[in-house]
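Asker: Numbering (the working numbering), first residue to last: 52 to 178. From the three backbone atoms N, C-alpha and C, an ideal C-beta is built for every residue, glycine too.
See below:
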């Protein structure tokens, strides 16, 4: 087996417009494809971060909420590498996205923090 890289990460959201505003307008993802799937009554939105990373967003009617934060079974959080956590926190907070206090990862000794998408999915930024 020769796994090369992660192609995409799939996320279920409750509101397609809120997800587009957050992931496209605020975080800077590029829309690759956007389709309403009438047979499923949902939206599928494919977003591109860079040449190797995509997010696949599914907007479904009344998805169940996360049971715990963030320790539910399944996807725990998304994590993005940044050059400067401090600068990224300033940019996020200027966009109205609150962040947790910056802390140092006890294993990597790098700065990191978390914020959340509109449905409460934890997102980490890490130097």
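Check whether the Cβ atoms of residue 67 and residue 110 sit closer than 8 Å, and answer yes or no.
Answerer: Yes, the pair counts as a contact, with Cβ atoms nearer than the cut-off.
Asker: Does the Cβ-Cβ distance between residue 177 and residue 127 come in under 8 Å?
Answerer: No.
Asker: Residues in its own chain within less than 7 Å of residue 117 by CB, not counting five upstream and five downstream?
Answerer: 123, 171.
Asker: What do you reckon, are the CB atoms on residue 169 and residue 61 nearer than 8 Å?
Answerer: No, they are not a contact pair.
Asker: Name the two residues that bound the continuous beta strand (DSSP E) containing residue 64.
Answerer: Note, residue 64: beta strand (DSSP E), 59-64.
Asker: Straight-line CA distance for residue 150 to residue 137?
Answerer: Roughly 11 Å separates the two Cα atoms.
Asker: Considering only residues of the same chain and omitting the five flanking positions on each side of residue 65, which have a CB-CB separation below 6 Å?
Answerer: The answer, listed in chain order, is 114, 170.
Asker: Does residue 122 come out as helix, strand or coil in the three-state DSSP assignment?
Answerer: In this structure, residue 122 counts as coil in the three-state DSSP scheme.
Asker: Less than 8 Å between C-beta atoms, sequence neighbours within five positions excluded: which residues of the same chain meet that for residue 105?
Answerer: 58, 59, 60, 83, 97, 98, 99, listed in sequence order.
Asker: Tell me the residue span of the beta strand (DSSP E) that contains residue 167.
Answerer: It spans 162-167 - the beta strand (DSSP E) in which residue 167 sits, taken as one unbroken run.
Asker: In this structure, does DSSP put residue 155 in helix, strand or coil?
Answerer: Here residue 155 sits in strand by DSSP.
Asker: Assign residue 74 to one of two classes, buried (16 or more other C-beta atoms within 10 Å of its C-beta) or exposed (fewer than that).
Answerer: That one is buried.
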